[in-house]
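Written below as structure tokens is the structure these notes are about.
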Amino acid sequence: MDKFETITGVAAPLPLINVDTDMIIPKQFLKTIKRSGLGVNLFDEIRYGDDGEELPDFVLNRPAYRNAQILVAGENFGCGSSREHAPWALLDFGIRAVIAPSFADIFHNNCFKNGILPIVLPQDQVDALMDDARKGENARITVDLENQTVTTTDGTSYPFEVDAFKKHCLLNGLDDIGLTMEKAPAIETYESRLGQDRPWV
Numbered sequence: 001m002d003k004f005e006t007i008t009g010v011a012a013p014l015p016l017i018n019v020d021t022d023m024i025i026p027k028q029f030l031k032t033i034k035r036s037g038l039g040v041n042l043f044d045e046i047r048y049g050d051d052g053e054e055l056p057d058f059v060l061n062r063p064a065y066r067n068a069q070i071l072v073a074g075e076n077f078g079c080g081s082s083r084e085h086a087p088w089a090l091l092d093f094g095i096r097a098v099i100a101p102s103f104a105d106i107f108h109n110n111c112f113k114n115g116i117l118p119i120v121l122p123q124d125q126v127d128a129l130m131d132d133a134r135k136g137e138n139a140r141i142t143v144d145l146e147n148q149t150v151t152t153t154d155g156t157s158y159p160f161e162v163d164a165f166k167k168h169c170l171l172n173g174l175d176d177i178g179l180t181m182e183k184a185p186a187i188e189t190y191e192s193r194l195g196q197d198r199p200w201v
């Protein structure tokens, strides 16, 4: 998992509430167990028409937001099913942080496990960031995980809270496997001792 420290980039405004995981990545794309390749189907049902062509009014289809790294969204983002494909699709598109007034719990946890930082801010601050994001390529929002701040184009900074352990994992690029591998020397020592003490095991 890539480390998350500080990103400065274009933020895409998505002023919708109750965006569920089926909207983020529809069920027909859940057949894969690979974490890559899902970005093209991110928000598929509102991003493409019935003919498969891009809908020009959808935010991520606009030239200014095609390389967005930050998503500013409405409350209860990521509700619905627990599919981990939702953060996979966001990350594969290039989204590293999602800012919203609230998140569904399972989606919130899945983001941290996949290298995405979900940031909860009060509605008025999200509204201000939404307005900033609407400036398109003229806006650059900075997300600083170490200092736990989101800074707008004009320099206004908003602090956010994040669990200390989850922050540690993101800063160091540690997913569940990475956390286990940190203990590899202790595991090897235990297994070696076990082999000596209980050779029949």
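Just so we're aligned, residue 1 is where the sequence shown starts under our numbering, counting upward by one.
Positions of the beta carbon are idealized from the N, C-alpha and C atoms, including for glycine.
As the structure is a prediction and not an experimental result, all values here were calculated from the model.
How close, in whole Å, do the beta carbons of residue i and residue j come, if the pair is a contact with beta carbons under 8 Å?
| i | j | result |
| --- | --- | --- |
| His280 | Pro101 | Coverage of the chain is limited to positions 1 through 201, which leaves residue 280 absent and any answer about it impossible. |
| Ala68 | Gly78 | Between Gly78 and Ala68 the Cβ distance is about 17 Å, and since that is not below 8 Å, they are no contact. |
| Cys169 | Phe103 | The pair is not a contact, with the Cβ atoms about 17 Å apart (cut-off 8 Å). |
| Tyr216 | Ala12 | Within the shown structure, residues of the chain are numbered from 1 to 201, placing residue 216 beyond reach of any answer. |
| Asp175 | Thr152 | The pair is not a contact, with the Cβ atoms about 30 Å apart (cut-off 8 Å). |
I'd like the span of the alpha helix (DSSP H) that includes residue i, first residue to last.
| i | result |
| --- | --- |
| Val126 | Gln123 to Ala133 |
| Ile106 | Asp105 to Lys113 |
If you follow the beta strand (DSSP E) that residue i is in, where does it begin and where does it stop?
| i | result |
| --- | --- |
| Asp154 | Taken as a continuous stretch (DSSP letters only), Asp154 belongs to no beta strand (DSSP E), as it is neither H nor E. |
| Asp210 | The structure shown does not extend to residue 210, since the chain is modelled only from 1 to 201, so the question has no answer here. |
| Leu71 | Ile70 to Ala73 |
| Leu14 | Ala11 to Leu14 |
| Val162 | Here Val162 belongs to no beta strand (DSSP E), and DSSP marks it neither H nor E. |
| Ile99 | Ala97 to Ala100 |
Is DSSP giving residue i helix, strand or coil here?
| i | result |
| --- | --- |
| Val40 | helix |
| Glu188 | helix |
| Leu55 | coil |
| Pro199 | coil |
| Ala64 | helix |
| Asp22 | helix |
| Leu117 | strand |
| Pro87 | helix |
| Ile46 | helix |
| Phe77 | strand |
Are the CB atoms of residue j and residue i within a distance shorter than 8 Å?
| i | j | result |
| --- | --- | --- |
| Thr21 | Gly94 | no |
| Asp92 | Leu38 | yes |
| Glu137 | Val59 | no |
| Trp88 | Arg134 | no |
| Ile70 | Ile46 | no |
| Phe4 | Arg140 | no |
| Leu90 | Leu42 | yes |
| Leu14 | Ala73 | yes |
| Asp144 | Thr6 | yes |
| Val126 | Gln148 | no |
| Asp44 | Pro26 | yes |
| Glu84 | Asn61 | no |
| Ile204 | Ser82 | One cannot answer for residue 204 here, as it falls past the ends of the chain, which runs 1 to 201. |
Measuring only from the beta carbon, is residue i closer than 7 Å to any heavy atom that is part of the ligand GTP?
| i | result |
| --- | --- |
| Asp154 | Absence of the ligand GTP is noted for the structure shown, with no ligands found whatsoever. |
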